[in-house]
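Q: In this note's numbering, the protein residues as written are 13 to 904. Got a structure for you, written out below as structure tokens; questions coming shortly.
Listed below in structure tokens is the structure:
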């Protein structure tokens, strides 16, 4: 994921300081300290968000009343300008901050590579502040969850820890964010446990409670109570007491309220999902969507009474209970519509506060109905119970719903009514749709989390002995410095254990060599005098959580595995990552020497609805659109899902998972893939990987994503003795799936504008075929290729050495194509000793747009690789070229 160097450089002194200061601290004490820090910064951020959003909202309301501009002009104008500017900021600097932020945190806690750092926290805070200032009917409590989690991730980077520990700190940040937003510490903890983490272990619950209470305390000390109500009068207390005495006849009304909240809450969630889907079909940019939502919200609010311009005041007005049922109904309908419009734009803003307003309005309506039916005085109890019920129907967290309203009101008499409404709403909503709104929003982004599954749980289930490399290259203690230098120059390893009589006595690394180079050390000095003695080691039975903790705490490049003092293996970070992937996929984790695995820094997922998967590797912006259109046409024809990959290469001496990279260029290419996928109506998955080797990263993707067809670009000529080039050579020999290479004629791609996806104007297709070949893998792709043409024409070419060869087989193939695809297919037989020369002559004579070379299982493929036929054609033929290689026998 992309990193901003100034922020990273700024955090390095803190990281160095905390690493040294907290080194002797126990993990429990460290968790407490870090939880307190996370709670403090989360509370501070929540306070800043509250003040900023309140100031901007007040300015908007003041301007709509006192400025010499009509409200129906001022409010939409503020909405358009504010929405567009906010969308532009989010799109350019932090696309991860769209929406409420709760789904992103949920995905990050599920182990997906979702970016959470200081950049995200700042962007989310400013984006939410400007969104609310623009008049979009969204809340700030949901975004505080993502802000808190992002700040927690930033704080956690100061202290090297295990992935499982960092995951718990993210949970602490989410809890602190929610508790700071609502001043409800228990609700913050319960929301994390009930919806995000599903973990009630002491190691998670303890720090979460601490950070949640610290965050709420900071927010309350700085800004007072977030949601405040007037102290109840004596009459209100008496009415509350009477409700306890006569609660039996009121229970049916609370049940009805719960049912209505479940029904309307599910409708609210579905409306947001459907509106987001509709908005995406408009193919507007994020700033455009937000500007449109700001315009619509401004026009609607300008037509409504003055109270609707202040969301907080509107909520307190509904809870006061002194309004008619007609006004309450207008509040519910208007807020329902406004929130749906605002959320459909993916603007930074939460759904917690709108859910509470909707619930309060619904509860007030039922309360007024109950008052008219049985003659009791109206009270705010139904409104408060409705808040909890509607919140529960949207988030599917009944315990959190009860506690959050209880903590806001500090009225224990509400608990029974809250529980009745929340549980009823929960079961009603579950019956209609078993997924919460946040799960549905994740699925809308192509992410589906398995219930109660942690991406890091495998680390504690695996041992060092299951993952270590048993074949270890070592140095002897009596080796001289010159001998060690020769070993390092011939190896890619960055360090070697030093042994004597099979026992580990030390370790010697490249850093040791660099330090020695600064001193005048004789070359015949023995390593036992230069090595690092007593290195950090692990036992074969140690869990991978402990191994990873040592690797991150003390920063060694590798850890020797010993039994007593006997060296039995060695383990690195890459071993852990690959072992975890193998554990989750059920594969063997005993790996031995291997290159570092690639590292996914960015990904998006679509619904898995295809019958197969097609992988297209893009890296060159000039040819990316061409490759993606070919891939989309094939995916549409075969009902495949389109997988788009970019590979970011790093130097061999750097570990991919630890190397900061910039992903802006890759993101632009992958976003173009999304747009092309939408144009062709095929599901698109995208990801960017960091790797030492492009071919290795592509092969890993093929294995992990179960790819059926690989498409990639090819320059058409190799500067070395390799046939296709190093990367393509590796893939065409090792990839188990079908492989398609595309060499683009630069004249066909020059001048293409991003986002313009008209036909490639590839109308004339030349298919060289073997004699008598009825089944060609290239011809199997012809129906998809036809989709790329306006007026397709297919030339079938058979090159023979004797003029009296049978022509009927070729004519039969042409007739079959004409009948099946309704296009012109011309069979041609040419007598020539050189296949390449015949193909080039035919392509030039007929002004062909593209030449397609393919083969069945055996036959021309062998000739292609041995005779280098495609390079000969590509060097001399000015048109485009496609080479198709079938799947390997073992992959079928």
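In this text, a Cβ means the ideal position worked out from N, Cα and C, and glycines have one as well.
Span of the beta strand (DSSP E) holding residue 530?
A: Taking the first residue of the chain shown as position 1, residue 530 is located at position 518. That residue, residue 530, is in no beta strand (DSSP E); it is neither H nor E in DSSP.
Q: Check whether the region 415 to 422 touches the region 374 to 384, counting contact only when three or more Cβ pairs, one atom from each stretch, lie closer than 8 Å.
A: Cβ pair count under 8 Å is below three, so no.
Q: Among 562, 538 and 537, which residue has its Cα nearest to the Cα of residue 549?
A: As a working mapping, residue 549 is identified with position 537 in the chain shown. It is 562.
Q: State the Cα-Cα distance for the pair residue 167 and residue 184, rounded to the nearest angstrom.
A: By 1-based counting over the chain shown, the position of residue 167 is 155. By 1-based counting over the chain shown, the position of residue 184 is 172. About 11 Å.
Q: What residues in its chain sit with their C-beta under 6 Å from that of residue 819, if we drop five residues either side in the sequence?
A: As a working note, residue 819 is residue 807 in the chain shown. Excluding sequence neighbours, residue 819 sits near 841.
Q: Determine, using beta-carbon pairs with one atom in the region 852 to 864 and one in the region 799 to 814, whether at least three such pairs fall under 8 Å.
A: Short answer: they touch.
Q: Decide if the region 746 to 755 is in contact with the region 651 to 669; the criterion is three or more beta carbon pairs, one per stretch, under 8 Å apart.
A: Output reads no: the region 651 to 669 does not touch the region 746 to 755.
Q: So what does DSSP say about residue 615, is it helix, strand or coil?
A: Locating residue 615 in the chain shown gives position 603, where the first residue counts as 1. Three-state DSSP puts residue 615 in a strand.
Q: From 82, 406 and 435, pick the residue whose C-alpha is nearest to that of residue 453; which is it?
A: Residue mapping note: residue 453 aligns to position 441 of the chain shown, counting from 1. Cα-wise, what sits closest to residue 453 is 406.
Q: Given a cut-off of 7 Å, decide if residue 288 and residue 87 are closer than it, judged by their beta-carbon atoms.
A: Residue mapping note: residue 87 aligns to position 75 of the chain shown, counting from 1. Residue mapping note: residue 288 aligns to position 276 of the chain shown, counting from 1. Their beta carbons are not under 7 Å apart, which means residue 87 does not touch residue 288 by this criterion.
Q: Look up residue 365 in the DSSP assignment and say whether it is helix, strand or coil.
A: Translated into the one-based positions of the chain shown, residue 365 becomes position 353. Residue 365 falls in the helix class under three-state DSSP.
Q: Pull up the distance between the alpha-carbon of residue 348 and that of residue 369, whole angstroms please.
A: The count along the chain shown starts at 1 and reaches residue 348 at position 336. The count along the chain shown starts at 1 and reaches residue 369 at position 357. Each residue's alpha carbon lies about 9 Å from the other.
Q: On the criterion of 16 or more Cβ atoms from any shown chain inside 10 Å, does residue 893 qualify as buried, or is it exposed?
A: For the purposes of this step, residue 893 is taken as the residue at position 881 of the chain shown. Result: buried.
Q: Is the region 739 to 751 touching the region 638 to 649 in the sense that three or more CB pairs, one from each, lie closer than 8 Å?
A: Because the criterion of three Cβ pairs below 8 Å is not met, the region 638 to 649 and the region 739 to 751 do not touch.
Q: Fully enclosed by the region 609 to 696, which alpha helix (DSSP H) runs are 4 residues long or longer?
A: Here the runs fully enclosed are 633 to 650 and 676 to 692.
Q: Starting from residue 101 and walking both ways along the alpha helix (DSSP H), at which residues does that stretch end?
A: For the purposes of this step, residue 101 is taken as the residue at position 89 of the chain shown. Here the alpha helix (DSSP H) through residue 101 covers 83 to 105.
Q: Please determine if the region 77 to 91 and the region 261 to 281 are in contact, where contact requires at least 3 C-beta pairs separated by less than 8 Å.
A: Judged by Cβ distances under 8 Å, the region 77 to 91 makes no contact with the region 261 to 281, as fewer than three pairs qualify.
Q: Quick one: is residue 523 buried, meaning 16 or more other Cβ sit within 10 Å of its Cβ, or exposed?
A: The residue labelled residue 523 in the question sits at position 511 within the chain shown. It is exposed - the Cβ of residue 523 has fewer than 16 other Cβ atoms within 10 Å.
Q: I need the DSSP call for residue 152, collapsed to helix, strand or coil.
A: Counted from its first residue, the chain shown places residue 152 at position 140. If DSSP states are grouped into helix, strand and coil, residue 152 belongs with coil.
Q: How long is the line joining the alpha carbons of residue 612 and residue 699, rounded to whole angstroms?
A: As a position in the chain shown, residue 612 is number 600, starting the count at 1. As a position in the chain shown, residue 699 is number 687, starting the count at 1. Looking at the two C-alpha atoms, the distance is approximately 7 Å.
Q: Less than 7 Å separating the beta-carbons of residue 274 and residue 437?
A: Taking the chain shown and counting its residues from 1, the one referred to as residue 274 is at position 262. Taking the chain shown and counting its residues from 1, the one referred to as residue 437 is at position 425. Against a cut-off of 7 Å, the Cβ pair of residue 437 and residue 274 comes out as a contact.
Q: Taking the DSSP output, what are the residues bridged to residue 433?
A: Walking along the chain shown from the start, residue 433 turns up at place 421. None, per the DSSP bridge assignment.
Q: Please list, in chain order, all residues of the same chain as residue 318 whose beta carbon is under 8 Å from its beta carbon, the five residues on each side excluded.
A: Looking up residue 318 in the chain shown gives position 306. Contacts found: 77.
Q: When you compare each of 684, 703, 551 and 500 to residue 696 by their alpha carbons, which one comes out closest?
A: Taking the first residue of the chain shown as 1, we reach residue 696 at position 684. Ranking the options by Cα distance to residue 696, first place goes to 684.
Q: Which of helix, strand or coil does DSSP assign to residue 76?
A: The residue given as residue 76 occupies position 64 in the chain shown. Correct three-state label for residue 76: helix.
Q: Under 8 Å: do the region 395 to 404 and the region 442 to 449 share three or more Cβ pairs, one atom per stretch?
A: These segments do not touch.
Q: I need the straight-line Cα distance from residue 266 to residue 376, nearest angstrom please.
A: Counted from its first residue, the chain shown places residue 266 at position 254. Counted from its first residue, the chain shown places residue 376 at position 364. One C-alpha to the other measures close to 11 Å.
Q: How about residue 231 and residue 58: do their beta carbons lie closer than 7 Å?
A: Taking the first residue of the chain shown as position 1, residue 231 is located at position 219. Taking the first residue of the chain shown as position 1, residue 58 is located at position 46. Against a cut-off of 7 Å, the Cβ pair of residue 58 and residue 231 comes out as a contact.
Q: Please state the DSSP three-state secondary structure of residue 898.
A: Translated into positions along the chain shown, residue 898 becomes position 886. Residue 898: coil per DSSP, three-state reduction.
Q: If we call anything under 7 Å between Cβ atoms a contact, is residue 568 one with residue 579?
A: As a working note, residue 568 is residue 556 in the chain shown. As a working note, residue 579 is residue 567 in the chain shown. Cβ atoms of residue 568 and residue 579: not closer than 7 Å.
Q: Look at the Cβ atom of residue 790, then the Cβ atom of residue 864, and state whether they are nearer than 7 Å.
A: If you number the chain shown from 1, residue 790 lands on position 778. If you number the chain shown from 1, residue 864 lands on position 852. Yes; because the gap between Cβ atoms is below 7 Å, this pair is in contact.
Q: Would you please state the rounded distance, in angstroms, between the beta carbons of residue 352 and residue 283? I believe it to be under 8 Å.
A: Here residue 352 is taken as the residue at index 340 of the chain shown, counted from 1. Here residue 283 is taken as the residue at index 271 of the chain shown, counted from 1. Sure, about 5 Å apart at Cβ, within 8 Å.
Q: What is the DSSP secondary structure of residue 727, counted as helix, strand or coil?
A: One-based indexing of the chain shown puts residue 727 at position 715. In the structure shown, residue 727 sits in coil (DSSP, three-state: anything other than H, G, I, E or B).
Q: Would you say the region 355 to 364 touches the region 136 to 148, given that touching needs at least three Cβ pairs under 8 Å?
A: Touching, yes, given that three or more Cβ pairs across the two stretches are closer than 8 Å.
Q: With distance defined between alpha-carbon atoms, name the residue in 165, 197, 321 and 111 nearest to residue 72.
A: As a working mapping, residue 72 is identified with position 60 in the chain shown. Measuring from the Cα of residue 72, the nearest candidate turns out to be 321.
Q: Quick check on residue 776: does DSSP put it in helix, strand or coil?
A: Residue 776 sits at position 764 when you count from the first residue of the chain shown. Strand at residue 776.
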